[in-house]
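Enquirer:
There are 2 protein chains.
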Amino acid sequence: AIKEELDEFRRLFLELHPADQTEVFLRLEESERKRVYEFLSPEEFAEIFEGLEIDEQKAIALELNDYYAAEMFNKMYADDVADFFGELQQEHVEDILQAMNKEDADDVQELLMYEDNTAGSIMTKEFISVKASHTVAEVIELLREKGPDAETIYYLYVVDEAGKLVGVTSIRDLITSMSDETIETFMSSRVVSVHVKTDQEEVAQLIQKYDFLAAPVVTDHNMLVGIVTVDDVIDVLEQEATEDVGEITASRGSTDVTITSIQAAKRRAPWIVLLMFFGLGTAEVIGIFEETLESVVLLAAFIPMVMGSAGNTGTQSLAVAVRALATGTLEKRGFWKTVVREFSTGLLIGVTCGVVIMLLLGLLYGDLFLGFIVGLSIMVSLGVASVIGTTIPLIINKLNMDPAIASGPFITTLSDVISLMIYFTIATSFLQHV
Amino acid sequence: AIKEELDEFRRLFLELHPADQTEVFLRLEESERKRVYEFLSPEEFAEIFEGLEIDEQKAIALELNDYYAAEMFNKMYADDVADFFGELQQEHVEDILQAMNKEDADDVQELLMYEDNTAGSIMTKEFISVKASHTVAEVIELLREKGPDAETIYYLYVVDEAGKLVGVTSIRDLITSMSDETIETFMSSRVVSVHVKTDQEEVAQLIQKYDFLAAPVVTDHNMLVGIVTVDDVIDVLEQEATEDVGEITASRGSTDVTITSIQAAKRRAPWIVLLMFFGLGTAEVIGIFEETLESVVLLAAFIPMVMGSAGNTGTQSLAVAVRALATGTLEKRGFWKTVVREFSTGLLIGVTCGVVIMLLLGLLYGDLFLGFIVGLSIMVSLGVASVIGTTIPLIINKLNMDPAIASGPFITTLSDVISLMIYFTIATSFLQHV
């Protein structure tokens with residue numbers, strides 16, 4: 004009866020899509036999870052394990068015995084194993100690699116050599132390569148044999164004797180050709196490929212541009228070493244979008260809602276504290292102009308408005324720059340053209356806002372002079388803020404530095420200090436002439 | 004000789020990938036473009052046209068004669084034609100549909116009926132469906148015939164006599180099966196499908212979760228009407244990421260660097276002006292507390308710091324909320340759990356910042372009292388700001404309203420007003436007791 008129950012559980016559970024199996028698995032208690040390891044083979048469990056987040060994988064790996072774990076890693080796609088190992092300690096990794104099949108372990112070790120965020124680090128080794136002299140019938144025979152293990156069989160990459168990439172064809176072409184034709188007769192010899200060291204964001208842009216399902220990855224000598232598939236690219240795009248939002252809001256790496264508030268506070272507080280220190284700069288600026296402020300206390304009332312408008316305009320320009328970098332349109336447009344466009348935009352918005360506020364303050368407070376000072380300050384500040392918002396992320400990108408430095412709050416803080424100086428300088432010089 | 008030149012041009016040009024043909028085409032002058040229309044058949048030009056942006060398509064369509072245009076639309080994928088027609092005026096669309104083949108025109112018209120941003124609006128009609136009773140050999144014959152026109156041949160959808168979706172199989176399964184087996188014997192009858200009215204963002208999340216290359220789209224009665232392919236999903240994700248950034252920075256629909264500065268200013272200035280009006284609120288708050296400010300002018304110096312810290316914390320919480328909505332993790336976590344997590348995080352950051360600034364101002368200015376007022380204000384403001392930053396986008400999402408209302412600057416403006424009131428209320432009540 005136990006045997007029957009087990010079979011019934013296996014039948015129902017394995018009928019689920021692996022992504023759903025993972026969801027069910029995550030809801031189980033530890034004791035129930037232990038039974039899953041007994042019921043499922045390492046190969047079957049590998050599909051569940053691949054769907055877990057890295058943090059979850061770490062916790063679950065501790066629950067598996069060494070043999071089961073090694074067998075599971077043998078059956079996983081090498082790129083997924085490498086992703087996981089990349090987060091473990093070196094010695095732990097070596098122990099596991101020892102326990103794995105030599106062939107599978109070699110694939111994983113190769114992937115571990117590539118730097119994070121490169122094509123090499125996200126590529127998979129399970130692709131299908133054929134020879135130009137193969138006939139359609141021979142290739143179909145090969146697919147029958149190797150198809151189940153490959154990550155995609157949609158594209159067939161053609162290599163020469165040395166392993167150099169010389170062409171590409173698709174299963175669509177294969178099926179619409181006669182069985183005795185050789186691959187050579189219909190393959191395309193213009194293959195778009197990426198280098199192992201190409202940045203993953205560039206790979207994603209390439210796959211998106213050509214609507215590819217996968218892109219071949221080559222070394223310096225055009226040797227085919229792997230492929231990047233479209234599902235990995237989607238994950239890259241998702242990750243880059245999260246990073247973009249993180250950069251704009253100084254909450255990099257902590258937009259995950261599943262972490263605890265203590266973890267979130269630990270990651271986010273340093274940014275807020277740092278920005279608060281920079282905020283001392285604005286206090287200093289206001290301190291310098293204390294005399295001006297004492298003579299017209301009402302000037303303080305418009306500090307937030309001048310600062311805020313400049314900050315908002317700077318943030319808009321930042322959004323333009325971040326998206327232009329992410330989608331690759333910046334390269335098409337050029338640096339200076341983009342900066343000039345943003346400066347003109349900022350000035351135009353500044354003139355609009357300046358005139359509106361001048362008239363409004365004149366009407367509301369009957370104080371044309373105050374309206375003039377605030378309006379003029381907004382005009383100048385907005386032009387400057389749009390240049391700051393555009394150039395800083397672009398320059399940082401050119402210098403290959405960590406773009407987190409150019410995050411939204413930093414741009415805002417910088418534009419705060421500058422717009423305050425503009426405001427008080429204008430106010431002070433006009434007060435002296437009255 | 005002219006004939007030879009033409010042939011040579013055609014040979015070189017058509018060898019390029021369509022995405023590259025589009026790039027070359029965009030660099031041509033009008034007179035050169037006219038020659039392209041002469042040299043290329045409507046079918047060949049269709050591939051270039053599909054790669055253009057909507058604005059570019061509008062301009063180019065005007066250069067084509069009616070017959071050439073109608074032929075080109077016949078040959079394009081129906082979803083691409085529908086995307087383009089969606090941007091044209093109704094009467095213009097009807098004229099073109101009249102000139103097209105009835106069958107192709109019907110496909111396009113069907114797609115035009117679906118609302119924007121639904122599965123129906125982004126799906127393609129060019130998919131392959133088979134019967135469960137078909138043998139592998141019959142299906143391969145069908146693929147030979149229909150394969151070249153289909154958008155993807157990777158998945159084969161199985162429908163019954165009425166056209167209802169009953170199963171799915173892949174070309175991988177087809178190739179590894181014997182040629183006399185029927186589809187029924189190896190197809191999967193658990194098909195994950197989406198409804199025509201499903202939101203495109205949900206479709207993207209589904210395809211991402213299951214690592215699909217396409218998802219079938221069905222009507223109320225499970226009738227298969229189209230498929231959404233992974234390349235469309237990538238475009239959706241890109242578009243959603245741009246919208247997220249636009250929302251956070253109040254620059255929705257204007258992060259495109261290719262528009263002129265006048266166009267950009269027209270789209271962005273209204274936001275800045277509107278936010279400036281809200282900024283009058285902060286001026287009002289400060290005006291109310293003018294008396295307090297006159298007695299301690301130095302209080303003005305810390306307005307930017309208190310407001311800025313609260314604004315930054317609010318923006319971090321906004322980033323968490325926006326990403327949780329985009330990646331679907333919010334549904335998994337639940338509304339209250341997320342709000343409570345953010346409130347605790349904000350309070351923790353607030354306590355940290357408050358204590359730091361209290362000590363710092365005590366040391367720097369030798370003024371423990373000022374340090375106490377600023378520190379306490381930051382503590383309270385940060386907790387409140389994190390709740391504002393999380394709840395407002397979530398509530399707006401629940402009400403199915405336009406999330407642009409919850410954009411970053413609005414959150415910041417709201418948190419500005421509230422943190423100023425907290426700051427001056429604390430300052431005023433303590434000054435009275437001194």
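Line by line, the protein sequences give chains P and Y. Going by the numbering used here, the first residue of the first sequence is number 4, and it counts up by one from there. Going by the numbering used here, the first residue of the second sequence is number 4, and it counts up by one from there. The C-beta atom is built at its ideal place from N, Cα and C for all residues, glycine as well.
1. Nearest to M126 of chain P by CA position, among P:E8, P:F42, P:V228, is which residue?
2. For chain Y, check one thing: does any of its Cβ atoms lie closer than 8 Å to the Cβ of L362 of chain P?
3. Mind reading off the beta-carbon distance from V248 of chain Y to V325 of chain P? Whole number of angstroms is fine, and I expect it under 8 Å.
4. If you compare alpha carbons, which of Y:Y158, Y:S196, Y:I186, Y:P151 is closest to L168 of chain Y?
5. Give the DSSP-derived three-state secondary structure of L117 of chain Y in the structure shown.
6. Whole angstroms are fine: how far does the CA of V199 of chain Y sit from the CA of D176 of chain Y?
7. How long is the line joining the alpha carbons of D82 of chain P and E113 of chain P, rounded to whole angstroms?
8. Can you check whether the C-beta of G311 of chain Y is within less than 8 Å of a C-beta belonging to chain P?
9. Let me confirm a value: K6 of chain P is counted as buried when at least 16 other C-beta atoms fall within 10 Å, else exposed. Which label applies?
10. So, is Q319 of chain P buried or exposed, given that buried needs 16 or more other C-beta atoms within 10 angstroms?
11. For the stretch 203-219 of chain P, which residues have a beta carbon sitting closer than 9 Å to at least one beta carbon of chain Y?
12. Based on DSSP bridge pairs, tell me the residues matched to M226 of chain P.
13. Measure the alpha-carbon distance for F292 of chain Y versus A430 of chain Y and round it to whole angstroms.
14. Would A388 of chain P and A322 of chain P qualify as a contact pair, given that the criterion is a beta-carbon distance under 8 Å?
15. Measuring only between beta-carbons, confirm whether H137 of chain P sits less than 8 Å from chain Y.
16. Taking DSSP's pairing of strands, which residues face T127 of chain P in a bridge?
17. How many whole angstroms separate the CB atoms of G311 of chain Y and L278 of chain P, which I take to be in contact at a CB cut-off of 8 Å?
18. Taking the runs of the alpha helix (DSSP H) that are 4 residues or longer, which of them lie wholly in the stretch 247-318 of chain P?
19. May I have the straight-line CA-CA distance separating V420 of chain Y from A122 of chain P, to the nearest angstrom?
20. Can you tell me where the beta strand (DSSP E) holding L159 of chain P begins and where it ends?
21. Whose C-alpha, out of P:V139, P:Y160, P:E129, is nearest the C-alpha of A153 of chain P?
22. Beta carbon of G374 of chain P, beta carbon of L364 of chain P: below 8 Å?
23. In chain P, which residues lie with their C-beta within 7 Å of the C-beta of D86 of chain Y?
24. In angstroms, rounded to a whole number, what distance separates the CA positions of R344 of chain P and S264 of chain Y?
25. Checking contacts by CB at 8 Å: is H20 of chain P closer than that to chain Y?
26. In chain Y, which residues lie less than 9 Å from D419 of chain P when you measure between Cβ atoms?
27. Closer than 8 Å by C-beta to M79 of chain Y: which residues in its own chain qualify, once you throw out the five before and the five after it? Chain order, please.
28. List, in chain order, every chain P residue whose beta-carbon is nearer than 8 Å to that of R13 of chain Y.
29. In terms of residues, what are the limits of the alpha helix (DSSP H) holding P396 of chain Y?
30. Quick one, which residues of the stretch 167-186 of chain Y are near chain P if we go by CB-CB under 7 Å, in chain order?
31. Buried or exposed: F280 of chain P, going by 16 or more other Cβ atoms within 10 Å of its Cβ?
32. Using 8 Å as the threshold, is the C-beta distance between A217 of chain P and V231 of chain P below it?
33. Whole angstroms are fine: how far does the CA of D110 of chain Y sit from the CA of F87 of chain Y?
34. By DSSP, does T415 of chain Y sit in helix, in strand, or in coil?
35. In three-state DSSP terms, what is S182 of chain Y?
36. From the beta carbon of L296 of chain P, is the nearest beta carbon of chain Y less than 8 Å away?
Expert: Well, looking at it:
1. Comparing alpha-carbon positions, the option among P:E8, P:F42, P:V228 lying closest to M126 of chain P turns out to be P:V228.
2. Residue-level contact check: L362 of chain P does not touch chain Y, since none of the beta carbons of chain Y fall below 8 Å from its beta carbon.
3. The C-beta distance from V248 of chain Y to V325 of chain P rounds to 6 Å, short enough to fall under 8 Å.
4. Taking each of Y:Y158, Y:S196, Y:I186, Y:P151 in turn and checking the Cα distance to L168 of chain Y, the smallest one comes out for Y:S196.
5. Just to set this straight, residue 117 of chain Y is Tyr in the shown sequence, not Leu. Residue state, collapsed to three classes: coil.
6. Per the coordinates, the alpha-carbon of D176 of chain Y lies some 27 Å from the alpha-carbon of V199 of chain Y.
7. Going by the C-alpha atoms only, they are around 10 Å apart.
8. Interface residue, yes.
9. K6 of chain P counts as exposed, since fewer than 16 other C-beta atoms from the protein chains shown sit within 10 angstroms of its C-beta.
10. By the neighbour-count definition (other C-beta atoms within 10 Å, threshold 16), Q319 of chain P is a buried residue.
11. Residues of the stretch 203-219 of chain P with a C-beta less than 9 Å from any C-beta of chain Y: A207, I210, Q211, K212, Y213, D214, F215, L216, listed in chain order.
12. The beta-bridge partner set that DSSP reports for M226 of chain P consists of P:K167.
13. Going by the C-alpha atoms only, they are around 10 Å apart.
14. At a Cβ-Cβ threshold of 8 Å, A388 of chain P and A322 of chain P do not count as neighbours.
15. By the rule that beta-carbons nearer than 8 Å mark a contact, H137 of chain P does not touch chain Y.
16. According to DSSP, T127 of chain P bridges with P:I230.
17. At roughly 7 Å, the Cβ-Cβ gap stays under 8 Å, so G311 of chain Y and L278 of chain P are in contact.
18. Unbroken alpha helix (DSSP H) runs of no fewer than 4 residues, entirely contained in the stretch 247-318 of chain P, are found at 264-291, 293-298, following chain order.
19. C-alpha separation (whole angstroms): 47 Å.
20. Taken as a continuous stretch (DSSP letters only), the beta strand (DSSP E) holding L159 of chain P covers 158-162.
21. Nearest Cα to A153 of chain P within the set P:V139, P:Y160, P:E129: P:E129.
22. At the C-beta level, G374 of chain P and L364 of chain P come within 8 Å of one another.
23. Around D86 of chain Y, no beta-carbon contact reaches into chain P at under 7 Å, the shortest distance being about 14 Å.
24. If you take the alpha carbons of R344 of chain P and S264 of chain Y, they lie about 5 Å apart.
25. Closer than 8 Å: yes.
26. Within chain Y, the residues near D419 of chain P are P307, G311.
27. The beta carbon of M79 of chain Y lies closer than 8 Å to those of A49, F52, E53 in the same chain, with the five residues before and after it left out.
28. Under the 8 Å cutoff, chain P gives no residues; its nearest Cβ is about 16 Å from R13 of chain Y.
29. Residues 371-401.
30. The residues in question are I174, R175, I178, T179.
31. With fewer than 16 Cβ atoms within 10 Å of its Cβ, F280 of chain P is classed as exposed.
32. With contacts defined as CB atoms closer than 8 Å, A217 of chain P and V231 of chain P qualify as a contacting pair.
33. The alpha-carbon atoms of F87 of chain Y and D110 of chain Y are separated by roughly 14 Å.
34. It is helical.
35. The answer is coil: DSSP assigns S182 of chain Y none of H, G, I, E or B.
36. Cβ-Cβ to chain Y under 8 Å: yes for L296 of chain P.
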